[in-house]
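Okay, structure first, notes after.
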Amino acid sequence: MWPSVRWTAYAYFKRLFLDWSVMEASPKIVMMACFYLAMKVEEFYVTIDEFVGNLKSGTPEQNTTRILGLEPEIMRALRYQITIHCPYRPFEGHLVEMKTRMLLLNFNVESIREPADQFFRQALLSDVMLMYPPSQIALAALKYGLDSLDKSPDVLSEFLQKLMGVEDDWKGMHGDALQTIDKLINRQVNQDRYKKV
1 MWPSVRWTAY
11 AYFKRLFLDW
21 SVMEASPKIV
31 MMACFYLAMK
41 VEEFYVTIDE
51 FVGNLKSGTP
61 EQNTTRILGL
71 EPEIMRALRY
81 QITIHCPYRP
91 FEGHLVEMKT
101 RMLLLNFNVE
111 SIREPADQFF
121 RQALLSDVML
131 MYPPSQIALA
141 ALKYGLDSLD
151 KSPDVLSEFL
161 QKLMGVEDDW
171 KGMHGDALQT
181 IDKLINRQVN
191 QDRYKKV
């Protein structure tokens, strides 16, 4: 399954339960319906029979009825705003830009991908997608990947300067953007610490 399908399904689920209560609908059934709807929206075609065949609870007939019955309710609750912008595309764009604009890096830019994927998986379990735009989440994943590889924070600053085509005074003018990214990463890292305790 594509990561964007998972991100979209989690976004639907979280947006739904901003308005709904767990007393109104079973979160388990709602999550299954969100995944099925996300597969349709992200054009990851799976028939309903194949989808319910992979589920471990309930009978295929019950699951089919529940999922297809919840689908219109979910779309109505989301006010038919079912397009979700995921951070994966901006992240890929940042990697490509980093490869082309920063030719003298002394490490493989692709090595950032694994820690960044870990960051994205952790972000799914938090409320980050409700609070920050995908481009900032992608930059936070990039910074998280660089930090995981013990690379200098100046690498990201230099990359952003070259990307935006600004002079050396960039940090003084736009330091708040880096602070937002740091805040997002610290929020995610602190949440991970609480999980381990």
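Take 1 as the starting number for the sequence shown in the UniProt record's numbering and just add one per residue. By construction, the Cβ of each residue, glycine as well, lies at the ideal position given by its N, Cα and C atoms.
Take residue i as the anchor and find which of the options has the nearest alpha-carbon.
{"i": "residue 10", "options": "179, 92, 83", "result": "83"}
{"i": "residue 42", "options": "133, 153, 85", "result": "85"}
{"i": "residue 102", "options": "139, 157, 3, 122", "result": "157"}
{"i": "residue 78", "options": "8, 163, 187, 186", "result": "8"}
{"i": "residue 90", "options": "149, 141, 183", "result": "141"}
{"i": "residue 112", "options": "144, 1, 73, 44", "result": "144"}
{"i": "residue 20", "options": "49, 119, 74", "result": "74"}
{"i": "residue 127", "options": "46, 5, 184", "result": "184"}
{"i": "residue 120", "options": "80, 59, 88", "result": "88"}
{"i": "residue 210", "options": "155, 48, 162", "result": "Outside the shown range of the chain (1 to 197) lies residue 210, about which nothing can therefore be said."}
{"i": "residue 104", "options": "40, 2, 25, 159", "result": "159"}
{"i": "residue 46", "options": "62, 2, 61", "result": "2"}
{"i": "residue 149", "options": "114, 139, 163", "result": "114"}
{"i": "residue 92", "options": "118, 186, 139", "result": "139"}
{"i": "residue 15", "options": "80, 187, 59", "result": "80"}
Grouping DSSP H, G and I as helix and E and B as strand, with all else coil, what is residue i?
{"i": "residue 45", "result": "coil"}
{"i": "residue 34", "result": "helix"}
{"i": "residue 17", "result": "helix"}
{"i": "residue 129", "result": "helix"}
{"i": "residue 147", "result": "helix"}
{"i": "residue 103", "result": "coil"}
{"i": "residue 12", "result": "helix"}
{"i": "residue 2", "result": "coil"}
{"i": "residue 64", "result": "helix"}
{"i": "residue 164", "result": "helix"}
{"i": "residue 55", "result": "coil"}
{"i": "residue 124", "result": "helix"}
{"i": "residue 185", "result": "helix"}
{"i": "residue 22", "result": "coil"}
{"i": "residue 94", "result": "helix"}
{"i": "residue 88", "result": "helix"}
{"i": "residue 136", "result": "helix"}
{"i": "residue 113", "result": "helix"}
{"i": "residue 179", "result": "helix"}
{"i": "residue 141", "result": "helix"}
{"i": "residue 81", "result": "coil"}
{"i": "residue 118", "result": "helix"}
{"i": "residue 152", "result": "coil"}
Pop quiz: residue i and residue j are said to be a contact at Cβ under 8 Å. What is the actual Cβ separation, rounded to whole angstroms?
{"i": "residue 51", "j": "residue 36", "result": "6 Å"}
{"i": "residue 30", "j": "residue 70", "result": "7 Å"}
{"i": "residue 137", "j": "residue 123", "result": "6 Å"}
{"i": "residue 95", "j": "residue 109", "result": "6 Å"}
{"i": "residue 39", "j": "residue 5", "result": "6 Å"}
Return no unless some Cβ of chain C is closer than 8 Å to the Cβ of residue i.
{"i": "residue 25", "result": "Annotation note: the requested chain C is absent from the structure, which comprises a single protein chain."}
query = With a cut-off of 8 Å, do at least 3 Cβ pairs link the region 56-73 to the region 119-134?
reply = no
request  = Examine the Cβ distances between the region 96-114 and the region 45-59 and report whether three or more of them are shorter than 8 Å.
outcome  = no
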